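One point on numbering: in the working numbering, the residue at position 64 of the sequence shown is 1131, and numbering is uninterrupted.
Ideal Cβ placement from N, Cα and C applies to all residues, glycine included.
Values in this document were obtained by computation on a predicted structure and should not be read as measured data.
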Amino acid sequence: MKTIAVIEDDIYIGNVLEELLTESGYSVIRAYSGTEGLLLLEKSKPDLVILDLMLPGMSGEEVLQNISELAPVMILSAKTEVSGKVKNLNAGAVDYITKPFDNDELLARVGVALRRCEAHADGVVSRAGIVMDTDTYSVTVEGKPLKLTKTEFAILKMFLLNPKKVFSKSAILDYISDYTPDGEESSVSVHISNLRNKLKEASDRNYIRTVWGIGFQFDGEHL
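Listed below in structure tokens is the structure:
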């Protein structure tokens, strides 16, 4: 069963979406603000996100910048300006639907978005000279094979899929829990250090940045 996250502060519209999607065979999880939406996606891995733009606190545009690497995002908004649609599509949204919406059209476009994303899910993640194949558990850095432990592989995958996000040690443990039994926060720094050294040895680049007092971040732009 496909899971769809609905990030919508209007309770009525959210209820309509949940009922519509549930009746069509989807599992639905919900958030009512931008910040809550980010927290939801840190803990869950939906197949699609339906995102409102006019949210309390953090705007939908800001949320999109943080989650477009985590899951495909479909915008559902009362904003109808063409320039805004183009901006959000260029920022990573896979579709843009305006309110009020037709139920049948929304379901059809949800289905198209899910099929399109499945067609492109070939298991290969590539960023800043690093190529990871999640099907064969292989990694190359600038064409050179890199041998990683299971935990290091999981951490690197997390960074590659979330290149702008800063992860605390606890957030890293939560993310890699599905890939490795390592559950000690004290060991995260050791894994990060080992991974950083292996990447640097292969490329002479510092791919992982320490954000003091917060955690760690992939640094693929300023190498």
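Residue environment, residue i, which counts as buried when at least 16 other CB atoms sit within 10 Å
i, result
"residue 1071", "buried"
"residue 1295", "The structure shown does not extend to residue 1295, since the chain spans only 1068 to 1290, so no value can be given for it."
"residue 1161", "buried"
"residue 1068", "exposed"
"residue 1078", "exposed"
"residue 1231", "exposed"
"residue 1158", "exposed"
"residue 1104", "buried"
"residue 1257", "exposed"
"residue 1130", "buried"
"residue 1271", "exposed"
"residue 1281", "exposed"
"residue 1208", "buried"
"residue 1127", "buried"
"residue 1278", "exposed"
"residue 1075", "buried"
"residue 1206", "buried"
Three-state secondary structure assigned by DSSP to residue i
i, result
"residue 1121", "coil"
"residue 1081", "helix"
"residue 1101", "helix"
"residue 1290", "Low local confidence applies: a pLDDT of 42 at residue 1290 is under 50, so the model's placement there is unreliable, and no value is given."
"residue 1111", "coil"
"residue 1137", "coil"
"residue 1225", "helix"
"residue 1181", "helix"
"residue 1234", "strand"
"residue 1200", "strand"
"residue 1072", "strand"
"residue 1271", "coil"
"residue 1126", "coil"
"residue 1211", "strand"
"residue 1205", "strand"
"residue 1244", "coil"
"residue 1091", "coil"
From the options, residue whose alpha carbon lies closest to that of residue i
i, options, result
"residue 1165", "1229, 1182, 1142", "1142"
"residue 1285", "1244, 1268, 1241, 1235", "1235"
"residue 1221", "1211, 1210, 1238", "1238"
"residue 1275", "1119, 1087, 1225", "1225"
"residue 1144", "1129, 1121, 1214", "1121"
"residue 1042", "1147, 1218, 1118, 1132", "Because the chain in this structure spans residues 1068 to 1290, residue 1042 falls outside the shown range and cannot be described."
"residue 1229", "1210, 1269, 1195", "1195"
"residue 1086", "1149, 1107, 1173, 1233", "1173"
"residue 1083", "1117, 1101, 1190", "1117"
For residue i, the residue or residues it bridges with in DSSP
i, result
"residue 1276", "1284"
"residue 1164", "1143"
"residue 1096", "1072"
"residue 1173", "None, per the DSSP bridge assignment."
"residue 1191", "1200"
"residue 1116", "1072, 1140"
Test: residue i CB closer than 9 angstroms to a CB of chain C
i, result
"residue 1193", "The structure shown has no chain C; it contains just one protein chain."
Any non-hydrogen atom of the ligand ZN closer than 8 angstroms to residue i Cβ
i, result
"residue 1085", "No copy of the ligand ZN occurs in the structure displayed, which carries no ligand at all."
Task: the segment 1174-1181 / the segment 1144-1157 touching (three or more Cβ pairs under 8 angstroms) - done: Three or more Cβ pairs closer than 8 angstroms define a contact, and the segment 1174-1181 falls short of that threshold against the segment 1144-1157.
Open item on the list: Pairs of beta-carbons, one from the segment 1136-1147 and one from the segment 1111-1120, closer than 8 angstroms: are there three or more?
Closed with: The segment 1136-1147 makes contact with the segment 1111-1120: 3 or more CB pairs, one atom from each, lie closer than 8 angstroms.
- [ ] Mind the definition here: the segment 1253-1263 touches the segment 1191-1211 only if three or more C-beta pairs lie below 8 angstroms; say whether that holds.
- [x] Judged by Cβ distances under 8 angstroms, the segment 1253-1263 makes no contact with the segment 1191-1211, as fewer than three pairs qualify.
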